[in-house]
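Peer 1: Quick note, the sequences are listed as chains V and U, same order. Okay, so the first sequence: first residue is 1 according to our numbering, each after it adds one. Okay, so the second sequence: first residue is 1001 according to our numbering, each after it adds one. Built from N, CA and C at the ideal position, the CB exists for glycine as well. Just so you know, these numbers come straight off a predicted model, no measurement behind them. One structure coming up, written as structure tokens, with questions to follow.
Protein chains: 2
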Amino acid sequence: MSDGRSTSAYSGENLLFLTDEQLRQGIEAMFFAYRGFTADPDRILANMAYGRAHHRAIHFIHRAPGTTVNNLLNILGVTKQSLNRVLRTLVAQGLVISKVGKVDKRERHLFLTDEGSRLEQTLSDAQRARMRSAFRDAGPAAVAGFRTVLEAMMDTEMQRAYTRLKETGA
Amino acid sequence: MSDGRSTSAYSGENLLFLTDEQLRQGIEAMFFAYRGFTADPDRILANMAYGRAHHRAIHFIHRAPGTTVNNLLNILGVTKQSLNRVLRTLVAQGLVISKVGKVDKRERHLFLTDEGSRLEQTLSDAQRARMRSAFRDAGPAAVAGFRTVLEAMMDTEMQRAYTRLKETGA
DNA sequence: CAGTATATGTCAGTGTTGTTGACATTCCAA
DNA sequence: TTGGAATGTCAACAACACTGACATATACTG
């Protein structure tokens, strides 16, 4: 049920792209590409006291300024304790400020400071540069396919979160 | 230099797919999709004493039976101490055996035991199922684009490793 | 053969990121 | 006013990565 081409290969149409061999290549491509994807920001952050978790928090705070902790929690998919550790250091270092909500004072709204924005800029410039180069090499048709497959690969809740973000930005 | 559509949008041709907004969507898609990508094996492994690192080792040993430790080290991109911790437990639990090399006795060649193969099967079945469903939903053209972009996103050494593996399997 | 290089394994320490569990505070809403 | 939601904090722990140092066996080279 998983060696060779058991999955497909008959059925008249061209379903060769569903061969187990093709699927495995897709899996390995995903593994190697994700390493490249995170390599540049990781390199930058290695010299500071921050890591990938800080990058993610900064990215989504930049993306949706004023977002609440709970909101961020759902997007990032980690526990509040885990996120809180990260946020605490970012606030302590003056990269993020957390303001008590006006309508609901239990909520904390998160914003980047100028220094936080500068770091965000540096990190996303590096990541965008790689993405841009990959997109340019691959061409628009490949990029469209890339995004179609990625969206199909997400969990449904993540797909919703992603779509919401996408619409927010356009 | 990074807000709006500074990157492209003129130049006559359709370079809209290189807009900063598009790049950011690509970045976020990668982030969410990778979570889906690892979710199923992670869930399975959570109930055992193993984690993602064990999965990776098992995958590539299955992929290239008899591979050496050094080889695996380069593919996985971790330190030997890190890999060794994982291999030690896998060997101790009887999922992997390590044989002294015949031509070079310094080398250890790694193989999955029957039990190791069973676990590999379980894990990759789960991962392949998701990949298959994503591929089927997206269609062959999108899949081709997906792989093109991923390859362009890898570091050059990883691209080489990936290509080598790809050719080994076909 | 002597010396150097390679492949592997191991010990000890450290850092980041994730997890549970427990508990306090604040505040909205029924 | 009471219950529950949102947030924060403390403590303990585990997985997985890192560095540095050292040991052993083997292979290669002059």
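Would you mind telling me which residues of chain V sit closer than 7 Å to Val1036 (chain U), beta carbon to beta carbon, in chain order?
Peer 2: The question names Val, yet the displayed sequence has Gly at residue 1036 (chain U). Within chain V, the residues near Gly1036 (chain U) are Met153, Met154, Asp155, Met158.
Peer 1: Figure out for me which residue from U:Leu1015, U:Ala1129, U:Asn1014, U:Phe1031 has the closest Cα to the Cα of Arg127 (chain V).
Peer 2: Residue identity differs from the one stated: residue 127 (chain V) is Gln in this sequence, not Arg. Taking only the C-alpha atoms, the option nearest Gln127 (chain V) is U:Phe1031.
Peer 1: Compare the C-beta of Asp40 (chain V) against all C-beta atoms of chain U and say whether one is closer than 7 Å.
Peer 2: no
Peer 1: Is it right to say Ala129 (chain V) is buried, meaning 16 or more other beta carbons lie within 10 angstroms of its own, or is it exposed?
Peer 2: exposed
Peer 1: According to the Cβ coordinates, are Gly26 (chain V) and Met1131 (chain U) closer than 7 Å?
Peer 2: yes
Peer 1: Just the C-alpha distance for Leu45 (chain V) and Asp114 (chain V), rounded to the nearest angstrom, thanks.
Peer 2: 18 Å
Peer 1: Under 7 Å Cβ-Cβ, which residues of chain U neighbour Ala172 (chain V)?
Peer 2: The first residue shown for chain V is 1 and the last is 170, placing residue 172 (chain V) beyond what the model contains.
Peer 1: Out of U:Arg1164, U:His1055, U:Ala1141, point me to the one whose CA is closest to Asn14 (chain V)'s CA.
Peer 2: U:Ala1141
Peer 1: How would you write the range of the beta strand (DSSP E) that Val1096 (chain U) sits in, first residue to last?
Peer 2: 1096-1100
Peer 1: In chain V, which residues lie less than 8 Å from Tyr1162 (chain U) when you measure between Cβ atoms?
Peer 2: Glu28, Ala29, Phe32
Peer 1: Answer with buried or exposed for Pro41 (chain V), where buried requires no fewer than 16 other C-beta atoms within 10 angstroms of its C-beta.
Peer 2: buried
Peer 1: Using DSSP's beta-bridge definition, name the partner residues of Thr1067 (chain U).
Peer 2: The beta-bridge partner set that DSSP reports for Thr1067 (chain U) consists of U:Leu1110.
Peer 1: Straight-line CA distance for Ser1117 (chain U) to Ile58 (chain V)?
Peer 2: 41 Å
Peer 1: Are the beta-carbon atoms belonging to Phe17 (chain V) and Val1149 (chain U) less than 7 Å from one another?
Peer 2: no
Peer 1: Where do the N-terminal and C-terminal ends of the alpha helix (DSSP H) with Asn1084 (chain U) fall, by residue?
Peer 2: 1080-1092
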